[in-house]
Amino acid sequence: MIKHYLTICSAILFSYLITSPLLASSVEFVTVTTFGVGVSKKDAVQDAIISGLEQINGQVMSVKERAAIQSVVSYEDGVEHESGREELSQDVSSRTSGIVRSYKPLSFEPIDNGGLEATVEVTVAVLKQSKQMKRTKIAVVAGNRTDINTKQVSKNIARLLTASRKFAVLDRENSAVIQQELSRIKKNGSIADMVRVSSAASPDLLAIIHTELIELNSKKDDLIATLEIIDYSTRQIKFSQKKRIRLKKMDSSSKTDRKVALLSKKLYQSLIEKVSQPVVIGGSPEKITIGQGADFFTVGDIVLLQRKGEQLLDKYTGESLGAELTSVGKAEIIFVNPNISIALSDDYGMEINSQDIVERRIVVTKRKSTTKSVEKMKKSIKGFLDDI
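Position in the sequence shown (first residue = 1) + 262 = the numbering used here.
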């Protein structure tokens with residue numbers, strides 16, 4: 263148990279330290295005129311620069327962040343100051359903070375307590391996050407990075423999450439290359455590169471994968487895979503799921519890979535159901551478009567449609583217990599592609615309005631497949647999953 267939680271803590275630390283800068287988008291320069299006070303001109307300029315950063319970022323800086331700014335601010339009468347390489351490395355720790363590109367004192371006025379008020383023009387380089395970064399950010403981490411099955415399941419789930427377009431998947435497979443690039447940027451990068459480094463994204467969720475191979479006899483093994491979803495901010499386990507699949511020791515490597523891929527897909531589908539449940543994104547009450555494709559649904563699947571209502575809260579802890587759900591109806595999947603599914607309603611009087619679609623209030627739960635769909639599925643896996 264102690265080893266298990268050490269793995270979780272290590273994964274959280276690893277995600278913080280090795281976040282890919284490639285997820286960042288373009289950099290823009292924002293210029294504002296701000297005011298600061300101090301006992302000297304330098305102190306007043308420092309205070310004005312800090313006020314400018316807080317104004318642009320919309321948040322108050324910590325003592326540590328203020329100290330980082332103060333340590334690199336100098337002042338000479340009438341001189342506009344351009345930030346140098348050494349100063350750029352003194353980045354502000356907050357994710358939303360920018361880097362001071364330049365600052366120019368415009369005027370100084372005495373104030374009642376004997377100090378000075380400085381008017382300063384500050385230009386700050388800030389990161390414009392890409393639209394993809396508005397998605398839930400998730401990092402997939404292998405609990406045992408030396409185990410071949412754990413690594414394969416982790417890669418499969420990361421690939422499925424990326425293809426789903428529901429998550430921003432943070433890279434954890436190329437840590438050495440990422441660290442090398444970060445070191446190069448800190449040494450030789452442009453201002454824009456430095457902003458990207460200091461604005462690296464942290465995950466909202468960690469998906470930690472464990473596998474265990476259990477020998478049943480001389481011919482067969484069971485591969486058990488466990489998926490744990492960790493809330494990055496609270497370190498709490500939000501969701502845990504375990505799946506298993508049977509492997510034959512005489513299976514070819516390609517057949518084993520296909521079985522491991524199926525196991526990975528089952529875990530992925532469990533994650534989707536819990537973390538990002540499919541929703542209705544368009545269509546009509548008769549023919550419904552669902553924002554989830556062939557990675558989750560199969561033609562012939564029967565789905566239950568429910569409308570989300572008010573969030574239910576635990577009256578003692580205030581913790582969310584999920585949304586109140588009311589049944590809307592059932593439908594059958596008649597078409598799937600990689601991105602969407604279309605379902606035909608069994609009730610043409612089903613009430614789904616435009617507001618339901620805009621607010622993504624209709625959630626979709628897979629119930630069961632029709633006999634035709636089940637037979638088709640059995641036929642498609644016959645030959646390499648005959649012993650599951």
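Just so it is clear, CB atoms sit at the ideal spot from N, CA and C, and this is done for glycine as well.
Between which two residues does the alpha helix (DSSP H) containing residue i stretch?
i	result
Q531	S515 to V537
I419	I410 to S426
If we count the other Cβ atoms within 10 Å of its Cβ and call it buried at 16 or more, is residue i buried or exposed?
i	result
S369	exposed
G571	exposed
P600	exposed
K221	With the chain covering only 263 through 650, there is no way to say anything about residue 221.
G376	exposed
A430	buried
I491	buried
L475	exposed
N615	exposed
N479	exposed
K511	exposed
I400	buried
S416	buried
Y578	exposed
T412	buried
T627	exposed
I410	exposed
L574	exposed
V301	exposed
I373	exposed
K504	exposed
T518	buried
G580	exposed
D608	exposed
Let me make sure I understand the geometry here. Which of the options has the alpha-carbon closest to that of residue i?
i	options	result
D513	K528, K482, L524 and K536	K482
D618	V542, K428, I410 and L533	V542
G298	V384, V292 and E290	V384
V620	I604, R569 and V561	R569
I318	A306, V362 and D305	V362
L567	G591, K510 and L574	G591
F559	K577, Q539, V598 and Y578	V598
A404	S516, E379, I470 and V522	I470
E548	E594, K577, Q573 and I507	E594
T381	E586, R397 and K304	K304
V565	S582, S603 and N418	S603
S538	G562, V561, L606 and L467	L467
T296	V522, E290 and A310	A310
T496	D609, K366, P465 and S589	P465
I534	A556, S607, S582 and T588	A556
H472	Y365, Y494 and S502	S502
L583	K536, K396 and I550	K536
S426	A605, R397, V386 and T408	R397
V292	Y365, V388 and K528	V388
R207	T408, R407, V402 and Q308	Any property of residue 207 remains undetermined from this structure, which presents the chain solely from 263 to 650.
E586	V625, G562, G580 and D608	V625
M612	S546, A523 and R623	S546
R506	G544, T488 and S515	T488
Between which two residues does the beta strand (DSSP E) carrying residue i extend?
i	result
I619	Looking at the DSSP string, I619 is not in any beta strand (DSSP E); the run it does join, the alpha helix (DSSP H), is S616 to V620.
A556	Careful: A556 lies outside any beta strand (DSSP E) and carries neither H nor E.
S607	S603 to S607
D563	D563 to L575
Consult DSSP for residue i and reduce its assignment to one of helix, strand or coil.
i	result
I373	coil
S502	strand
K396	helix
E348	Unreliable placement is indicated for E348, whose pLDDT of 38 sits below 50; the coordinate value is still reported in the next sentence. Correct three-state label for E348: helix.
K481	coil
G545	strand
V307	helix
E613	coil
S302	coil
S313	helix
Mind checking who residue i pairs with in its DSSP beta bridge?
i	result
L432	A401
G591	L567
L378	G300 and P372
I492	L468 and I499
K511	Answer is none; K511 lacks a bridge partner.
I476	D484
T385	T293 and S364
T627	L566
T551	G544 and I604
Would you verify that the beta carbon of residue i is, or is not, closer than 8 Å to some beta carbon of chain B?
i	result
I602	As a matter of chain content, chain B is missing from the structure shown, which is built from one protein chain.
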